[in-house]
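Colleague:
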Amino acid sequence: MEICTSTPCAKDENANCFYKPTTDRHSGFPAPVISARISTKKTFSFTYGRIEVFAKLPLGAWLFPSVMLEPDNLNCDNRKQLRIAFATSDGLNFHFSAGAVKLVKQSAGEKNFTRISEMADISNIRPYSYHNFTMVWTSKRITLYMDSEKIGYIVNNGEYDEPYHIVLGVSAGGHLEFPDSPLKPWRDFSQDAAFQFDNSFKDCCLTQGGPKCLDKNQEERTCSKTWTPHATMAIKYVRVYAV
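Counting from 1, position 146 in the sequence shown corresponds to residue 146 in full-length UniProt numbering; the numbering is continuous, with no gaps.
1. Which word fits Gln-81, buried or exposed, when buried means at least 16 other C-beta atoms lie within 10 angstroms of its C-beta?
2. With distances taken from CA atoms, which of Gln-208, Trp-186 and Ala-55 is nearest Gly-173?
3. Is the beta carbon of Tyr-145 closer than 9 Å to that of Asn-132?
4. First and last residue of the alpha helix (DSSP H) that includes Cys-204?
5. In terms of residue numbering, what span does the alpha helix (DSSP H) encompassing Ala-172 cover?
6. Given 8 Å as the limit, is there contact between the segment 37 to 50 and the segment 162 to 172, that is, 3 or more CB pairs closer than that?
7. Could you tell me the alpha carbon to alpha carbon distance between Gly-152 and Glu-177, rounded to whole angstroms?
8. With distances taken Cα to Cα, identify the nearest neighbour of residue 315 among Gly-210, Gly-158 and Asn-73.
9. Give the DSSP bridge partners of Glu-220, in chain order.
10. So, using beta-carbon positions, are Cys-58 and Glu-162 closer together than 9 Å?
11. Are there 16 or more other CB atoms within 10 angstroms of the CB of Phe-195, so buried, or fewer, so exposed?
12. Is it right to say Pro-65 is buried, meaning 16 or more other beta carbons lie within 10 angstroms of its own, or is it exposed?
13. Starting from Lys-150, follow its DSSP beta bridges and name the residues at the other end.
14. Taking the CB atoms as reference points, tell me whether Gly-60 and Thr-228 lie closer together than 9 Å.
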């Protein structure tokens, strides 16, 4: 298998983004696990409207959902995602979620994307339960709701005025969603990030348990909790209305 390296986003002749393997290893790794995604690109897009997603978000180590809108003309230098629902497992365990705009772009001379727009916080989400996540997108503002409760909004100054399509999926790991910490099995700038992530779920981590273990070479390994059936994301419906 080719080593996936270099910048995490490159453009082909159709301005589509993809992961490009090269011999230049640095920070450009995709998430170690990316599930199949449901996308309405080339089949359904819209500009302005109300979108409702009735979903149960995934709960598992290092998981995060993709419940969002992406522009049809995705620009790798300025990725303007509109996140309808977002929560890492750590957040769900503390009844915390987030949503709204996630604007990431490459800084000058750097190979990794950085978040430059924060998301609205939700503090009363219930793990294992379905919630109605709603985004109302107009030419003036983008407003987020959960279970009919207004979370927050951002002003739309014309930056979000192009066709967007719906994207649904689940990913794990990566180098944008989880800051480095003593309990994180991989490091964002490590050349072996995907390998470290995979090792955190097997061998001594399975037999010894706990946040740390000693492998067969007596080297310490950081462990992740095994995923349960709650690691899946379930969606009952997605509805789009004109505004």
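C-beta: ideal position from N, C-alpha, C; glycine also.
Modeller: With the structure as the only source:
1. Residue mapping note: residue 81 aligns to position 81 of the sequence shown, counting from 1. Label assigned to Gln-81: buried.
2. On the sequence shown, position 173 is the one that residue 173 refers to. Closest option to Gly-173, Cα to Cα, is Trp-186.
3. Along the sequence shown, read from residue 1 onward, the residue named residue 132 stands at position 132. Along the sequence shown, read from residue 1 onward, the residue named residue 145 stands at position 145. Going by C-beta atoms, Asn-132 is nearer than 9 Å to Tyr-145.
4. Mapped onto the sequence shown, residue 204 falls at position 204. Start and end: 204 to 207.
5. Here residue 172 corresponds to residue number 172 of the sequence shown, with the count starting at 1. For Ala-172, no alpha helix (DSSP H) encloses it; the enclosing beta strand (DSSP E) starts and ends at 164 to 172.
6. The segment 37 to 50 vs the segment 162 to 172: in contact.
7. Counted from its first residue, the sequence shown places residue 152 at position 152. Counted from its first residue, the sequence shown places residue 177 at position 177. Whole-angstrom Cα-Cα distance: 21 Å.
8. With the chain running from 1 to 243 in the structure shown, residue 315 is simply not present.
9. If you number the sequence shown from 1, residue 220 lands on position 220. Paired residues: Leu-214.
10. Position 58 of the sequence shown holds residue 58. Position 162 of the sequence shown holds residue 162. A small fix is needed here, since residue 58 is Pro in this sequence, not Cys. No, the Cβ-Cβ distance between Pro-58 and Glu-162 is not below 9 Å.
11. Residue mapping note: residue 195 aligns to position 195 of the sequence shown, counting from 1. Exposure of Phe-195 is indicated by the presence of fewer than 16 other C-beta atoms within 10 angstroms of its C-beta.
12. Within the sequence shown, numbered from 1, the residue matching residue 65 stands at position 65. It is buried - the Cβ of Pro-65 has at least 16 other Cβ atoms within 10 Å.
13. Residue numbering aside, residue 150 sits at position 150 when the sequence shown is read from its first letter. For Lys-150, which the question treats as bridged, DSSP gives the partners Tyr-145.
14. Along the sequence shown, read from residue 1 onward, the residue named residue 60 stands at position 60. Along the sequence shown, read from residue 1 onward, the residue named residue 228 stands at position 228. Their beta carbons are under 9 Å apart, which means Gly-60 touches Thr-228 by this criterion.
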